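Novice: Protein chains in written order, with UniProt numbering: chain A, 1 to 291; chain B, 1 to 384.
In this text, a Cβ means the ideal position worked out from N, Cα and C, and glycines have one as well.
Predicted model, so just to flag it, every value in this text is computed and none were measured.
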Amino acid sequence: MSASDVDAPGARPWILMSPALAAVAMLLVIPVCFIAVYSFWLRTAVGSEQVGFYLDNWIEVLTDPFYRDILFQTLRIAAASTLLCITLGYVPAYFIARSTTRHKAVLILLLMLPFWISYIIRTMSWINILGVSGALNVFLLWLGVISEPMQILYNEGTVILGLVHFLLPFMILNIYVSLDGIDGNLVDAARSLGCTGWQAFREVTLPLSLPGLAAGSLLCFVLGAGTYITPMILGGPRDAMFANLVFETIITQLDWPLGSALSLVLLVVLGSVVMLYSRFAGIGQLAKSFR
Amino acid sequence: MDNTTRYQKLLERFRNGDIDRRSFLTLLGAASLTAGLTGAPLKGLQRQAFAATPESVRFDGWGGVVSEAFRKHAFDPYSAKTGIKVIDGTFASGDEYLNRVKAGQPGEYNIFHASGVFDYARYVNLGYDVVLNEDNIPNLKYVISALMEPFRGVTNGKLSAAPYDYGTTGLAYNTAKISREEMEEKGARILIDPKYKGKIGGWGDWRTRIWYGALATGQKPNDIQDMEAVWDAIRAHRDLALKYWGSGAELMSLLAEGEIYVTEGWSGRIAALQQQGHPIGYYDAPNGYAWQECLMVLKGSPLEACEELLNFMLEPAVAIAVAEGQNYPPALDPTKVDLGKKIPTLPAFDATGKLAQLTFADPAYWNGNEAEWSKKFGRVQKGY
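#1: From Asp-95(B) to Trp-14(A), what distance separates their C-alpha atoms?
#2: Return the chain-ordered list of same chain residues with a C-beta closer than 6 Å to the C-beta of Asp-362(B), the five sequence neighbours on each side being excluded.
#3: Is the distance from the Cβ of Ser-81(A) to the Cβ of Leu-21(A) below 7 Å?
#4: For the alpha helix (DSSP H) containing Cys-85(A), list its first residue and its last residue.
#5: Identify the contact partners of Asn-99(B) in chain A, using a Cβ-Cβ distance below 9 Å as the criterion.
#6: Is Pro-163(B) helix, strand or coil when you go by DSSP?
#7: Run down chain A in chain order and give the residues with a C-beta less than 7 Å from the C-beta of Gln-108(B).
#8: Please report how far the alpha carbon of Leu-167(A) lies from the alpha carbon of Thr-158(A), in whole angstroms.
#9: Just to confirm, are Ile-182(A) and Leu-206(A) a CB contact at a threshold of 7 Å?
#10: Taking only runs of the alpha helix (DSSP H) that begin and end inside the stretch 141-200 of chain B, which ones reach a length of at least 4 residues, in chain order?
#11: Can you give the Cα-Cα distance for Val-380(B) and Gly-153(B), rounded to whole angstroms?
#12: Could you tell me the boundaries of the alpha helix (DSSP H) in which Arg-58(B) lies?
#13: Based on the DSSP secondary-structure assignment, which residues constitute the bridge partners of Val-86(B)?
#14: So the candidates are Val-130(B), Gly-218(B), Ala-146(B); which of them puts its Cα closest to the Cα of Ala-356(B)?
#15: If we count the other Cβ atoms within 10 Å of its Cβ and call it buried at 16 or more, is His-165(A) buried or exposed?
#16: Residues in its own chain within less than 8 Å of Leu-267(A) by CB, not counting five upstream and five downstream?
#17: In angstroms, rounded to a whole number, what distance separates the CA positions of Pro-41(B) and Ser-301(B)?
#18: For chain A, check one thing: does any of its Cβ atoms lie closer than 7 Å to the Cβ of Ala-40(B)?
#19: Can you check whether the C-beta of residue 323(A) is within less than 7 Å of a C-beta belonging to chain B?
#20: Out of Leu-28(A), Met-26(A), Gln-151(A), Asn-57(A), point me to the one whose CA is closest to Phe-40(A)'s CA.
#21: How many whole angstroms separate the CB atoms of Gly-216(A) and Met-171(A), which I take to be in contact at a CB cut-off of 8 Å?
#22: Could you spell out the range, first to last residue, of the alpha helix (DSSP H) harbouring Trp-14(A)?
#23: Determine the contact status of Leu-298(B) and Ala-162(B), defining contact as a CB-CB distance below 7 Å.
#24: Report all residues from its chain with a CB closer than 6 Å to the CB of Thr-74(A); omit the five preceding and five following residues, and keep chain order.
#25: Starting from the beta carbon of Ser-374(B), find every residue of chain A whose beta carbon is closer than 7 Å, and list them in chain order.
#26: Quick check on the burial criterion: 16 or more other C-beta atoms within 10 angstroms. Buried or exposed for Pro-65(A)?
#27: Can you pull the DSSP bridge partners for Ile-280(B)?
#28: What residue ranges within the stretch 94-135 of chain B form continuous alpha helix (DSSP H) runs of no fewer than 4 residues, ordered along the chain?
#29: Given Lys-81(B), which residues of its chain have a CB within under 6 Å of its CB, disregarding the five upstream and five downstream residues?
#30: Taking the alpha-carbon of Thr-168(B) as reference, which of Trp-211(B), Phe-151(B), Pro-138(B), Leu-240(B) has the nearest alpha-carbon?
#31: Report the option in Lys-336(B), Tyr-365(B), Pro-347(B), Gly-340(B) whose CA atom is closest to the CA atom of Gly-353(B).
#32: What is the C-beta distance between Asp-165(B) and Pro-286(B), in whole angstroms, given that I count them as a contact (C-beta under 8 Å)?
#33: Tell me the DSSP bridge mates of Cys-294(B)?
#34: Relative to the alpha-carbon of Leu-215(B), which residue among Arg-235(B), Lys-199(B), Leu-191(B) has its alpha-carbon at the smallest distance?
#35: If you count every other CB in all the chains shown that lies within 10 Å of the CB of Val-131(B), and 16 or more means buried, which is it?
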């Protein structure tokens with residue numbers, strides 16, 4: 001390649017991007033290709049693989065209602081968690097963004113604090129709060145509100161609770177960044193033109209914060225749908241999610257080919273969600289919310 | 001087929017005119033690129049693994065007190081004597097470890113604390129076994145013969161592992177809520193008793209669930225005749241259970257916190273709860289699930305170094321210290337070795353050294369059904 005080639009306007013971005021592209025290719029594209037190849041192999045009786053081109057795994061995954069049902073259950077739980085995160089996350093984000101305190105940085109730091117603790121530990125902490133001998137039951141028993149401990153844990157509700165606990169900071173941060181970027185003069189202008197405070201929020205602040213809200217929702221949904229730790233720790237016998245299926249198929253059943261097909265299904269479904277987001281909101285909105 | 005053979009076949013096809021020059025060079029280039037991308041790092045890892053063997057041996061176990069006991073009583077003295085370092089790793093489950101071995105290179109993993117003859121057979125079926133020179137492990141003479149025979153049965157009379165401890169998965173219950181008489185009367189059926197709905201637990205392991213399903217339906221676990229009845233029992237248990245537990249720590253937490261009143265549980269963990277003062281009883285129902293753990297040496301390992309380490313680990317003082325730490329009786333024959341005061345009090349301990357009272361899983365039977373049963377359990381567990 002000559003110096004003039006490097007200087008060509010079309011070549012420079014590719015050259016500059018080449019380390020990132022190489023990293024993506026090595027760490028993402030090639031491994032996914034390996035997984036795709038694996039999905040066409042078969043598990044033998046002893047747990048090794050029969051190399052070849054077999055459609056059995058794909059036929060099973062695409063036609064068996066068991067996988068479809070668990071997938072829908074996963075999407076439903078992820079959607080419920082995301083909606084709760086939106087509901088619970090907007091007010092704190094708004095409060096931090098509009099706060100005029102000198103300690104705003106401390107508020108943001110507090111938001112980051114949960115990330116300093118292991119996700120598993122954070123999830124397990126609910127056992128000490130909601131368990132039969134947990135803080136809530138002990139407190140209610142002490143108050144005399146209940147005579148016997150309530151059975152709160154190990155159901156779909158606690159799985160969603162655990163997910164909201166995990167995902168909420170992501171939502172708040174995204175909304176906060178979006179709200180913080182809104183020019184305050186726009187709200188003032190709306191008020192000076194006769195809007196009430198609520199109207200100014202509804203007509204100016206909320207629409208302008210939608211990119212952050214959408215970015216946070218996408219992040220929460222994708223992370224929530226891909227989790228397997230939370231249902232494992234806080235779920236009951238029937239509360240498995242799709243990632244649990246992948247884990248069990250690969251680790252317990254030693255069926256790497258079928259597990260590969262299942263993981264690709266999850267990848268395609270969640271990838272489709274990102275594509276839909278890109279189609280209707282524009283993937284550039286993700287970057288906008290961080291500007 | 002190795003790379004040289006592949007190249008020769010490709011060259012032959014080119015010379016025969018089956019492929020043109022451009023295709024030949026393209027395929028050759030692609031093969032070189034693949035070898036460069038994957039071969040070099042893997043070769044490096046392999047080289048590292050083999051290079052590490054003369055100076056080090058890798059041992060993987062369950063962690064916690066067991067690892068501490070191994071480190072103090074076996075690994076450190078072994079390193080002091082031989083100059084070979086022991087790299088001490090841990091795993092969360094036998095299934096997880098098998099996946100790691102499968103994904104690794106020969107020689108990367110050397111010795112591990114395997115759970116059951118069943119697991120031993122899985123590794124053998126996948127070709128990960130070796131033939132140990134028993135002359136290099138003189139402490140094998142202290143080991144209960146009944147524990148060695150099942151391993152020999154799997155590997156044509158040879159050993160790829162040394163038995164190390166044994167225990168049972170029996171019924172654990174809260175003595176404040178359930179009496180011993182009720183346990184003895186109901187046995188495994190208590191796990192599907194609607195009276196304890198929401199207060200029943202169970203290990204989310206397909207073998208254990210099927211074993212207890214067989215017991216609850218009055219069948220022999222090593223010769224189940226009515227599998228549908230077993231699945232129905234597993235479904236009944238699932239609908240009554242609060243939670244499937246996934247680790248010993250979770251089992252202990254659920255029982256100690258009073259979240260569940262009854263479950264099957266590992267004898268050593270239940271003994272630990274009892275030692276901590278929790279009101280937990282333990283009952284081994286007839287045909288209860290007995291198992292034995294072993295120290296298995298994997299293919300590609302430095303055999304003599306591993307055999308010497310096994311001999312250190314089977315030293316009575318070491319085996320007894322580990323057994324006391326994990327609350328499982330050691331594989332040492334109590335008629336040949338004085339096991340001290342604590343071990344004879346542990347659940348599942350057999351003073352005769354014959355183990356005639358315990359029922360172990362038949363590896364051929366369970367391995368033969370593994371693919372079908374583990375998959376079906378995954379569905380039943382989730383409500384199907």
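Specialist: Reading from the atomic positions:
#1: 44 Å
#2: Asn-222
#3: no
#4: 65-98
#5: Ile-250, Ile-251, Leu-254, Trp-256
#6: strand
#7: Note on identity: in this sequence residue 108(B) is Glu, with Gln being the wrong assignment. Going along chain A, no residue has its Cβ under 7 Å from Glu-108(B), so there is no contact; the nearest lies around 18 Å.
#8: 14 Å
#9: no
#10: 145-154, 180-186
#11: 33 Å
#12: Note, Arg-58(B): premise wrong, no alpha helix (DSSP H); beta strand (DSSP E) at 56-61.
#13: Val-57(B)
#14: Ala-146(B)
#15: buried
#16: Val-32
#17: Caution applies to Pro-41(B), whose pLDDT of 47 falls short of 50 and renders its modelled position unreliable; the model cannot decide the point.
#18: Because Ala-40(B) sits at a pLDDT of 44, beneath the cut-off of 50, its placement in the model cannot be relied upon, and the following sentence gives the value as read from the coordinates. So no, Ala-40(B) is outside the interface.
#19: This structure cannot speak to residue 323(A), because chain A is shown only from 1 to 291.
#20: Asn-57(A)
#21: 4 Å
#22: 11-24
#23: no
#24: Ala-225, Met-241, Phe-242
#25: Thr-252, Gln-253
#26: exposed
#27: Asn-174(B)
#28: 94-103, 116-125
#29: none
#30: Trp-211(B)
#31: Lys-336(B)
#32: At roughly 23 Å, the Cβ-Cβ gap does not stay under 8 Å, so Asp-165(B) and Pro-286(B) are not in contact.
#33: Ala-114(B), Pro-163(B)
#34: Leu-191(B)
#35: exposed
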